[in-house]
Each structure stands twice: as structure tokens, then as C-alpha cells.
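Novice: For the sequence shown, our numbering assigns the number 2 to the initial residue and increments by one for each residue that follows. Note that the Cβ used here is the ideal one computed from N, Cα and C, for glycine as well.
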Amino acid sequence: MDLLGIDTLGRTDIEGYLSLASRFVDKNEKAITPPEFRDALRGEVVGLMFMEPSTRTRSSFEISAVRLGAHPLVLQAQMSSIEKGETLLDTCQNLEAMGVGAFVIRDSQRALPLSIAERVEAAVINAGNGTGEHPTQALIDAFTLTRALGREDLDGVRVAIIGDVLHSRVARSNVLALSKLGADVVLAGPPQLLPRSTDGWNAQTMTSRSEALKDVDAVIMLRLQVERMVENLDLDQYVQDWGVDMSVVETEMPKHALIMHPGPVIRGVELSTDVVESHRSLILKQTGNGVAIRQAVLLKAFGRA
Numbered sequence: 002m003d004l005l006g007i008d009t010l011g012r013t014d015i016e017g018y019l020s021l022a023s024r025f026v027d028k029n030e031k032a033i034t035p036p037e038f039r040d041a042l043r044g045e046v047v048g049l050m051f052m053e054p055s056t057r058t059r060s061s062f063e064i065s066a067v068r069l070g071a072h073p074l075v076l077q078a079q080m081s082s083i084e085k086g087e088t089l090l091d092t093c094q095n096l097e098a099m100g101v102g103a104f105v106i107r108d109s110q111r112a113l114p115l116s117i118a119e120r121v122e123a124a125v126i127n128a129g130n131g132t133g134e135h136p137t138q139a140l141i142d143a144f145t146l147t148r149a150l151g152r153e154d155l156d157g158v159r160v161a162i163i164g165d166v167l168h169s170r171v172a173r174s175n176v177l178a179l180s181k182l183g184a185d186v187v188l189a190g191p192p193q194l195l196p197r198s199t200d201g202w203n204a205q206t207m208t209s210r211s212e213a214l215k216d217v218d219a220v221i222m223l224r225l226q227v228e229r230m231v232e233n234l235d236l237d238q239y240v241q242d243w244g245v246d247m248s249v250v251e252t253e254m255p256k257h258a259l260i261m262h263p264g265p266v267i268r269g270v271e272l273s274t275d276v277v278e279s280h281r282s283l284i285l286k287q288t289g290n291g292v293a294i295r296q297a298v299l300l301k302a303f304g305r306a
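#1: Comparing alpha-carbon positions, which option in 218, 236, 294 and 156 lies nearest residue 24?
#2: Can you tell me where the beta strand (DSSP E) holding residue 108 begins and where it ends?
#3: Less than 7 Å between C-beta atoms, sequence neighbours within five positions excluded: which residues of the same chain meet that for residue 276?
#4: So, helix, strand or coil for residue 39, using DSSP?
#5: Under 8 Å Cβ to Cβ from residue 192, same chain only, skipping five residues before and after it: list those, please.
#6: Please report the distance separating the alpha-carbon of residue 304 from that of residue 81.
#7: May I have the straight-line CA-CA distance separating residue 309 from residue 9, to the nearest angstrom?
#8: For residue 78, report the span of its alpha helix (DSSP H) as first-last.
#9: Excluding sequence positions up to five away, which residues of its chain have a Cβ less than 6 Å from the Cβ of residue 164?
#10: For the beta strand (DSSP E) containing residue 10, name the first residue and the last one.
#11: Have a look at the DSSP bridge pairing and note the partners of residue 73.
#12: Does the Cβ-Cβ distance between residue 96 and residue 129 come in under 8 Å?
#13: For my contact list, residue 78 and residue 42 are in at a C-beta cut-off of 8 Å; report their separation, rounded to the angstrom.
#14: Can you tell me which of 279, 252, 34 and 4 puts its alpha carbon nearest to the alpha carbon of residue 139?
#15: Helix, strand or coil: how does DSSP classify residue 83 here?
#16: What residue range does the alpha helix (DSSP H) around residue 291 cover?
#17: What alpha helix (DSSP H) runs, 4 residues minimum, are completely inside the stretch 161-193?
#18: May I ask which residues mark the beginning and end of the alpha helix (DSSP H) holding residue 241?
#19: I'd like the ranges of any alpha helix (DSSP H) spanning at least 4 consecutive residues and lying wholly in the stretch 109-165.
#20: Return the first residue and the last residue of the alpha helix (DSSP H) that residue 66 is part of.
#21: Please look up how many angstroms separate the CB atoms of residue 113 and residue 106, rounded, as I've assumed it's under 8 Å.
#22: What does residue 219 pair with, by DSSP beta-bridge criteria?
#23: Classify residue 272 as helix, strand or coil using the three-state DSSP reduction.
#24: Please name the residue in 85, 46, 37 and 68 whose C-alpha comes closest to that of residue 75.
#25: Near residue 199, what residues of its chain come up, given a Cβ to Cβ distance below 8 Å and the 5 sequence neighbours on each side ignored?
#26: Is residue 103 near residue 118, with beta carbons less than 8 Å apart?
#27: So, helix, strand or coil for residue 277, using DSSP?
#28: Should the stretch 132-146 be called in touch with the stretch 168-179, which here means at least 3 C-beta pairs below 8 Å?
#29: Does chain C have any CB closer than 8 Å to the CB of residue 55?
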């Protein structure tokens with residue numbers, strides 16, 4: 002089963018992923034693999050096709066595949082025939098002919114995962130398609146937040162997503178996932194870093210940090226994706242207006258509000274070190290939950306759950 006975007010999933014589908022993932026964390030919220038799943042994908046090969054840099058996503062998919070008994074095949078573009086001009090589609094078709102049963106794809110081209118999914122029999126999982134979507138990260142964030150709040154849904158929960166929303170595939174997937182689970186979502190950032198149109202996003206937009214943080218239950222901070230920007234940004238002004246340090250936490254956020262970030266965190270820009278390491282931060286829980294969610298995603302991709 003392909004996972005190309007949250008836009009293709011309903012609330013029941015999302016809840017199904019979260020429910021399955023809950024079997025892969027223990028009572029201390031640490032990632033585990035129950036005995037009944039340790040050979041679930043034995044003999045299968047998972048192609049990790051990362052055409053853009055990745056630490057958390059690639060590593061957690063690799064760990065997940067190993068824990069389920071599969072073999073992860075990590076393709077590096079510079080060490081493959083892609084460097085000679087072969088397309089990623091041709092690469093996937095050739096690897097499928099060798100027995101690869103699922104492809105985890107990250108690429109700068111928005112249309113590429115769908116295009117490949119239409120041309121191969123293997124399952125395709127979108128691990129980030131340019132500024133399009135990052136569905137597994139949204140599932141991780143929803144999973145982390147529901148568990149931190151002790152809930153099965155997010156009905157009435159207010160979540161602010163702050164920063165470089167314009168270039169963020171995580172933001173788009175999170176708006177879709179969180180709102181489908183019942184959350185009220187706010188998008189906030191400087192006007193030049195907000196989408197020109199948010200039709201279909203099911204979220205409010207704001208250009209004031211303090212207004213966005215008012216009454217939130219959680220905030221998801223985003224890094225500046227300077228590699229995708231075409232205009233220069235005054236970094237010092239951005240940090241002053243949109244960065245969150247402990248003084249902002251104490252004066253602009255409710256006392257119960259939680260802090261999240263999909264990574265990588267650029268300390269001193271969107272978040273200060275003391276906030277990253279504070280008791281309110283769920284950032285490392287998000288990272289750990291990546292293994293639980295991606296085990297669930299791989300099981301569904303191979304039709305084993």
C-alpha cells in the first residue's frame with residue numbers, strides 16, 4: 002500500500018496508523034518491536050531512495066526495516082547510475098526487477114513519488130517531495146501529541162505551526178493530519194514565509210508570534226529552509242520577531258503548552274537551547290516515535306497489517 006500524502010487519507014486511516022504504531026512503544030515511551038513482528042518482513046527488501054539529505058527520516062526507516070526483519074537498501078545518488086544520468090524511475094524499476102518490494106523516496110520534485118508509484122508494482126512511501134508533503138512526519142507529530150496529552154484524538158486541541166511555512170512540506174502534512182484529527186491549527190510567520198493562498202489548508206494564518214501562541218496547547222516550530230528561498234531574509238530580525246526562547250515561553254505561552262520541532266533544529270534561530278532541552282519539549286520524543294510510526298508504515302506498505 003502506497004503512502005503518498007496525508008491528503009489521500011481519512012481520519013480513520015490516520016487513526017489506524019497511530020493505533021498500530023502504539024504497539025511499537027513500551028510503557029516508558031521507548032521504541033520497541035514486539036516478538037510477533039520481528040520477522041514480519043523477513044526476506045523483503047526496502048529501497049531507501051534519498052535524493053535530498055536526511056538524518057532522522059532515513060535512519061528511522063532503516064532501523065524500522067531491520068527491526069521487522071527486512072533488508073534496507075540505501076541508495077546514494079552520487080554512488081549510483083543516477084550520477085550518470087539515469088532517472089530515479091529507471092533506477093526504481095531496475096531495483097524492483099531485483100526484488101525490492103517497497104521504495105521510500107525523498108526528492109525535490111513534487112510529482113515524483115506519485116509518478117513512480119504509477120509505474121512500479123512495489124509500494125511507494127513519500128519521505129518528502131520538495132515543498133509538497135511529508136506524510137510520515139505528520140503521523141509522527143500527531144502520534145507524539147496524542148500520547149503526550151493522553152488522548153486518542155485532538156478534538157479541540159489548538160496547535161500553532163510557526164516559521165517558514167511557505168517552504169515546509171511538514172507544515173502542509175501537519176495541517177492536514179492534525180485538522181483531520183480535530184485540532185484547530187494556526188499557521189504563523191512573516192508574510193513572505195506564509196503561502197499566498199491557504200485555500201484547502203483548514204487553518205488560520207497570523208503574522209504575530211504572540212497572537213499565534215495565545216491559548217495554544219502545542220507549538221510546532223519550523224526551521225528556515227534557506228536552500229529553497231529566493232529572497233534574502235534579515236536573520237537577526239527574524240529571530241527577534243519569531244524565535245522562541247525561554248522568555249517567550251514564560252510570557253507568551255500557556256503554562257501547559259508543549260513545544261515540538263520536526264528537525265533539524267537550528268539552535269539560536271527558531272528555538273533557543275534552553276527551550277529545546279526544557280521539560281516542555283517533545284522534540285526527542287518525536288524522533289523516537291519515528292521508529293514506531295515507520296514500522297507501522299512499512300507493515301502496511303507490505304500488506305502485513
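Specialist: Let me lay it out:
#1: 294
#2: 103-108
#3: Taken in chain order, the residues that qualify are 245, 246, 247, 250, 260 and 282.
#4: coil
#5: 208
#6: 29 Å
#7: There is no way to answer for residue 309, as the model of the chain reaches only from 2 to 306.
#8: Looking at the DSSP string, residue 78 is not in any alpha helix (DSSP H), and its letter there is neither H nor E.
#9: Counting only Cβ-Cβ distances below 6 Å, and skipping sequence neighbours, we find 190, 222, 223 and 271.
#10: Where residue 10 is concerned, there is no enclosing beta strand (DSSP E), given that its DSSP letter is neither H nor E.
#11: 47
#12: no
#13: Contact doesn't hold; Cβ gap of about 25 Å is too wide.
#14: 4
#15: helix
#16: That run of the alpha helix (DSSP H) goes 284-302.
#17: 170-181
#18: 236-243
#19: If only uninterrupted alpha helix (DSSP H) runs of at least 4 residues are considered, those enclosed by the stretch 109-165 are 113-118 and 136-150.
#20: 57-68
#21: 7 Å
#22: 160 and 259
#23: strand
#24: 46
#25: Closer than 8 Å at the Cβ level, and outside the excluded window around residue 199, lie 188 and 206.
#26: no
#27: helix
#28: yes
#29: Of the chains in the structure shown, none is chain C; there is only one protein chain.
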